[in-house]
Ligand code: IPM
Ligand code: MG
């Protein structure tokens, strides 16, 4: 029996609720499959930990995570802790040292779910966004001087390296090539940002030469929001910078019906370090503790985790179970306009997995 070691970091707010739900579903996957076991260790890191100990994760936390096969993450962020502290203290403190440079965000309209776009169905919207996840606008370069004085200045410097842009471009072309339409849109803002973004365009052209079977085009990020909204079918795989893809992926999630559904994989493609899987929604303090958080984004993230671990059969089974459940409006949580609870959705997905006879 294969055994995978999973580090669970529920974090803050509804992160705790959806990761607990996700672990139940993963348990059902292992039970139904019978050929692998998941050994889960829980790490109580996040804003509560910060309030108790002054740090979001303990010193040496990264070293403890290194031995795991994957990290299953909930959300981080609390109303009474500055957001830049929680982000840099936990999520980026894991993504950056583990060189999880490829952030992959699939978007589809699942069965039973309505896009807010008139007349747009599952056939019209099937995208994967590849977000550069190690540099760009999130490189952490910059500073503040003359604090509090009238002449105070702050800089926020974007970093684009040839190595960083080439590897994400290669990753995106390979992913596009693996999908039926073999279609990639490279998003930039190279009209206004004439250094880093022009480098991005040049490298796209260089890398494209190695992928003659992939059709690709370039879009400016502002125009991309229009194309996603008005011509969703013209798009398949998208690659964009850290910040541009952050914004586009929220738009994508909303157009597919709810941000509560959207999953993410933070991948270290070379597998030198563990990769991390999480829903893209945040800690959502407005609904925390009510038991109504949509766990589907966390379940779909578990699908990506199982794929990464090398369990495609279990991953496909979990995806089938999710789609069977979303197809039933009685099992929609309030973000989808329904009245179902997190537990009802979780019970239904577990039952669908255990009852799956494919
Ligand atoms: C995301 C989130 C994060 C980000 C937040 C929580 C800082 O919006 O994963 O898209 O901007 O990276
Ligand atoms: Mg975001």
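In the working numbering, the protein residues as written are 338 to 695. All C-beta atoms, glycine included, are put in the ideal place defined by N, C-alpha and C.
- Under the three-state reduction of DSSP, residue 612 is assigned to strand.
- Between residue 633 and residue 563 the beta-carbon gap is near 28 Å, outside 8 Å, which marks them as no contact.
- Going by beta carbons, residue 454 and residue 598 fall outside the 9 Å limit.
- Taking 8 Å as the cut-off, the C-beta of residue 475 counts as close to a heavy atom of ligand 1.
- Close to ligand 1, as judged by a C-beta nearer than 5 Å to any of its heavy atoms, are the residues 424 and 583, in chain order.
- Residue burial annotation: residue 467 is buried, with at least 16 other C-beta atoms found within 10 angstroms of its C-beta.
- Between the C-alpha atoms of residue 421 and residue 612 there is a straight-line separation of about 22 Å.
- Look at residue 482 here: in three-state DSSP terms it is strand.
- Contact between residue 590 and residue 584 does not hold, since their C-beta atoms are separated by about 11 Å, which reaches or exceeds 8 Å.
- Within 8 Å of the C-beta of residue 672 there is not a single heavy atom belonging to ligand 2.
- Annotation: residue 579 to residue 528 spans about 18 Å, alpha carbon to alpha carbon.
- In the three-state DSSP reduction, residue 448 falls in the coil class, being neither helix nor strand.
- Counting every other CB atom within 10 Å of its CB across the protein chains shown gives residue 676 a total below 16, marking it as exposed.
- Boundaries of the alpha helix (DSSP H) harbouring residue 649: 649–663, taken from the DSSP string.
- Residue 652 and residue 533 have their C-alpha atoms roughly 38 Å apart.
- The Cβ atoms of residue 355 and residue 630 lie closer than 9 Å to each other.
- Remark: the shortest separation between the CB of residue 617 and any heavy atom of ligand 2 falls under 8 Å.
- The nearest non-hydrogen atom of ligand 2 is 8 Å or more from the C-beta of residue 638.
- Between residue 505 and residue 576, the C-beta gap is smaller than 9 Å, which places the two residues in contact.
- Residue 582 carries a helical assignment under DSSP once its states are collapsed to helix, strand and coil.
- Its chain contains 686, 689 and 690 as the residues whose beta carbon lies nearer than 6 Å to that of residue 658, once the 5 sequence neighbours on both sides are disregarded; these appear in chain order.
- Not one heavy atom of ligand 2 falls within 8 Å of the beta-carbon of residue 665.
- Looking at the DSSP output, residue 463 shares a beta bridge with 445.
- Look at residue 571: its beta carbon is at least 8 Å from all of the heavy atoms in ligand 2.
- Under the DSSP definition of a beta bridge, residue 375 partners with 341.
- Setting aside the 5 residues that flank it on each side, residue 644 is surrounded in the same chain by 652, each with a C-beta closer than 8 Å to its C-beta; the list follows chain order.
- Cβ contact annotation for residue 480 (same chain, cutoff 8 Å, sequence separation greater than five): 491 and 492, in chain order.
- With fewer than 16 other Cβ atoms inside 10 Å of its own Cβ, residue 368 counts as exposed.
- For the pair residue 503 and residue 389, the Cα-to-Cα distance works out to about 42 Å.
- In this structure, ligand 2 has a non-hydrogen atom nearer than 8 Å to the beta-carbon of residue 587.
- Residue range 558–567 is occupied by the alpha helix (DSSP H) that includes residue 565.
- The residue from 470, 434, 487 and 620 with its alpha-carbon nearest to that of residue 495 is 470.
- Taking the C-beta atoms as reference points, residue 510 is found nearer than 9 Å to residue 553.
- Runs of alpha helix (DSSP H) with 4 or more residues, each lying fully within the stretch 528–555, are found at 533–545, listed in chain order.
- Counting C-beta atoms within 10 angstroms of its own C-beta, residue 660 has 16 or more neighbours from the protein chains shown and is therefore classed as buried.
- Counting only the Cα atoms, residue 507 lies some 41 Å from residue 489.
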